[in-house]
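These notes are about the structure you will find just below.
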Amino acid sequence: MTVDVTVVGGGISGLACARAIRDAGRSVRVLDRGRRVGGRLSSHTIDGRVVDLGASYVVVGEAERFGHVVADWEERGLARAWTDTFAVIGSDGARSPKPGPMRWAAPLGLRSLALDLADGLDVVSGRVVERVEPFRVDGEDAGEVVLAMPSPQAARLVGEVPGGQQEWEPVIAVVVRWDERQWDADLHGAFAEGDADVSFLADDGDRRGDGAPVLVAHTTAERARRHLDDPEGAIAPVLAATRRLLRIDVEPVSAHAHRWTFARPARATGEPFFRSAGLSVCGDAWGDSAAVRTAWASGDALGRLLSAS
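Take 1 as the starting number for the sequence shown in full-length UniProt numbering and just add one per residue.
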């Protein structure tokens with residue numbers, strides 16, 4: 001059955017696009033190569049516990065429409081206000097607070113938010129797309145086609161990416177678990193300023209609200225590039241940096257690594273999305289800054305435009 005729109009990619013931008021189209025009464029199908037939707041809203045079960053490995057949190061900012069979505073998630077217990085203050089740890093070990101907007105987290109892991117967006121949509125999981133062109137996916141009629149994915153991945157499907165290809169940076173997320181908490185109770189998360197190995201540390205137990213003694217360290221792009229073929233090789237330098245930054249003397253119980261080859265765009269386009277007849281693009285590179293709210297807003301705006309056209 002031909003649908004009005006086929007969205008390729010089941011991350012938050014693709015799901016937001018599909019929901020906007022469905023809510024407008026148009027038919028839409030989402031094709032996702034993963035076993036479950038979510039993209040970089042990724043939560044994996046490690047040592048019997050769900051851990052957030054992709055996006056670290058959600059910020060609403062001035063995205064009013066997204067704010068209504070987050071408020072609904074909070075009302076239904078899917079999202080929780082986490083913190084408005086992180087720490088900044090300098091190269092000399094000095095620590096200072098960094099106030100900012102409220103960061104939101106998910107008790108069941110951030111993927112649960114993507115699963116909620118997907119509820120009621122026609123989603124085909126485990127669908128590996130080989131070729132995309134205007135109005136067609138793998139040679140079959142597909143209505144309007146939306147690519148909701150990083151541009152290097154889109155390039156594999158279309159050759160020349162509509163709207164231009166952006167540069168993307170890799171990240172390796174290292175999950176480290178101790179028997180008990182080894183860091184200050186007020187350390188929700190920390191930016192590592194000038195560190196060669198670690199860019200951000202998140203207290204996953206604090207973030208999720210269950211108090212588990214689990215940290216998730218996100219590498220710098222340079223450290224990640226060295227280990228794209230061997231993510232586990234990043235564990236030792238990242239663990240050493242984490243223990244040094246937080247002054248932890250105790251060896252952890254376990255450590256696991258997850259590679260994100262295309263974790264974040266090096267810079268955003270400033271445009272909300274790319275639109276052309278039969279083939280459009282949305283995602284977190286299409287906005288003012290790379291963020292979960294940017295991805296949602298990009299997909300939602302494109303979906304509403306396609307529905308009206």
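Just so it is clear, CB atoms sit at the ideal spot from N, CA and C, and this is done for glycine as well.
8 Å CB neighbourhood of residue i in its chain, flanking five on each side removed
{"i": "residue 296", "result": "12, 13, 16, 63, 66, 69"}
{"i": "residue 237", "result": "197, 223"}
{"i": "residue 312", "result": "The first residue shown for the chain is 1 and the last is 309, placing residue 312 beyond what the model contains."}
Per-residue burial, residue i [other beta carbons within 10 Å of its own, 16 or more giving buried]
{"i": "residue 101", "result": "exposed"}
{"i": "residue 194", "result": "exposed"}
{"i": "residue 203", "result": "buried"}
{"i": "residue 171", "result": "buried"}
{"i": "residue 81", "result": "exposed"}
{"i": "residue 144", "result": "buried"}
{"i": "residue 323", "result": "No answer is possible for residue 323: it lies beyond the span of the chain, which begins at 1 and ends at 309."}
{"i": "residue 185", "result": "exposed"}
{"i": "residue 54", "result": "buried"}
Enclosing alpha helix (DSSP H) for residue i [first to last residue]
{"i": "residue 65", "result": "64-75"}
{"i": "residue 296", "result": "292-308"}
{"i": "residue 242", "result": "235-246"}
{"i": "residue 129", "result": "Careful: residue 129 lies outside any alpha helix (DSSP H) and carries neither H nor E."}
{"i": "residue 100", "result": "Run containing residue 100: none in the alpha helix (DSSP H); it sits in the beta strand (DSSP E), 95-105."}
{"i": "residue 152", "result": "151-158"}
{"i": "residue 115", "result": "111-118"}
{"i": "residue 15", "result": "12-23"}
Option in the options with minimal Cα separation from residue i
{"i": "residue 158", "options": "146, 182, 4, 133", "result": "133"}
{"i": "residue 211", "options": "177, 223, 197", "result": "177"}
{"i": "residue 285", "options": "267, 32, 56", "result": "267"}
{"i": "residue 188", "options": "87, 72, 73, 8", "result": "87"}
{"i": "residue 259", "options": "121, 151, 175", "result": "175"}
{"i": "residue 84", "options": "293, 207, 94", "result": "207"}
{"i": "residue 91", "options": "281, 257, 289, 197", "result": "197"}
{"i": "residue 192", "options": "113, 169, 150, 216", "result": "216"}
{"i": "residue 104", "options": "79, 124, 93, 126", "result": "79"}
{"i": "residue 119", "options": "75, 29, 278, 3", "result": "29"}
Residue i to residue j span [Cα, whole Å]
{"i": "residue 243", "j": "residue 232", "result": "17 Å"}
{"i": "residue 141", "j": "residue 304", "result": "21 Å"}
{"i": "residue 95", "j": "residue 248", "result": "15 Å"}
{"i": "residue 287", "j": "residue 166", "result": "13 Å"}
{"i": "residue 209", "j": "residue 107", "result": "6 Å"}
{"i": "residue 160", "j": "residue 255", "result": "39 Å"}
{"i": "residue 252", "j": "residue 36", "result": "30 Å"}
{"i": "residue 135", "j": "residue 111", "result": "30 Å"}
{"i": "residue 226", "j": "residue 38", "result": "26 Å"}
{"i": "residue 312", "j": "residue 114", "result": "Any answer about residue 312 is impossible in this case: the structure gives the chain only from 1 up to 309."}
{"i": "residue 270", "j": "residue 151", "result": "15 Å"}
{"i": "residue 221", "j": "residue 257", "result": "15 Å"}
{"i": "residue 163", "j": "residue 230", "result": "32 Å"}
{"i": "residue 278", "j": "residue 309", "result": "12 Å"}
{"i": "residue 235", "j": "residue 75", "result": "38 Å"}
{"i": "residue 125", "j": "residue 93", "result": "45 Å"}
{"i": "residue 2", "j": "residue 26", "result": "12 Å"}
{"i": "residue 190", "j": "residue 47", "result": "24 Å"}
Same chain, Cβ closer than 7 Å to residue i, neighbours up to 5 away in sequence not counted
{"i": "residue 301", "result": "272, 273"}
{"i": "residue 250", "result": "178, 182"}
{"i": "residue 291", "result": "59, 284"}
{"i": "residue 138", "result": "129, 130, 131"}
{"i": "residue 148", "result": "7, 8, 9, 11, 13, 14, 17, 282, 283, 299"}
{"i": "residue 261", "result": "170, 228"}
{"i": "residue 155", "result": "161, 165"}
{"i": "residue 61", "result": "101, 293"}
{"i": "residue 205", "result": "211, 212, 213, 214"}
Limits of the unbroken beta strand (DSSP E) element including residue i
{"i": "residue 192", "result": "189-192"}
{"i": "residue 167", "result": "Note, residue 167: premise wrong, no beta strand (DSSP E); not H, not E."}
{"i": "residue 263", "result": "254-265"}
{"i": "residue 142", "result": "Run containing residue 142: none; DSSP gives neither H nor E here."}
{"i": "residue 52", "result": "49-52"}
{"i": "residue 202", "result": "198-203"}
{"i": "residue 80", "result": "80-89"}
Contacts around residue i, its chain only, beta-carbon distance under 6 Å, and the 5 residues preceding and following it disregarded
{"i": "residue 56", "result": "202"}
{"i": "residue 265", "result": "166, 168, 285, 290"}
{"i": "residue 109", "result": "43, 50, 52"}
{"i": "residue 4", "result": "26, 27, 143"}
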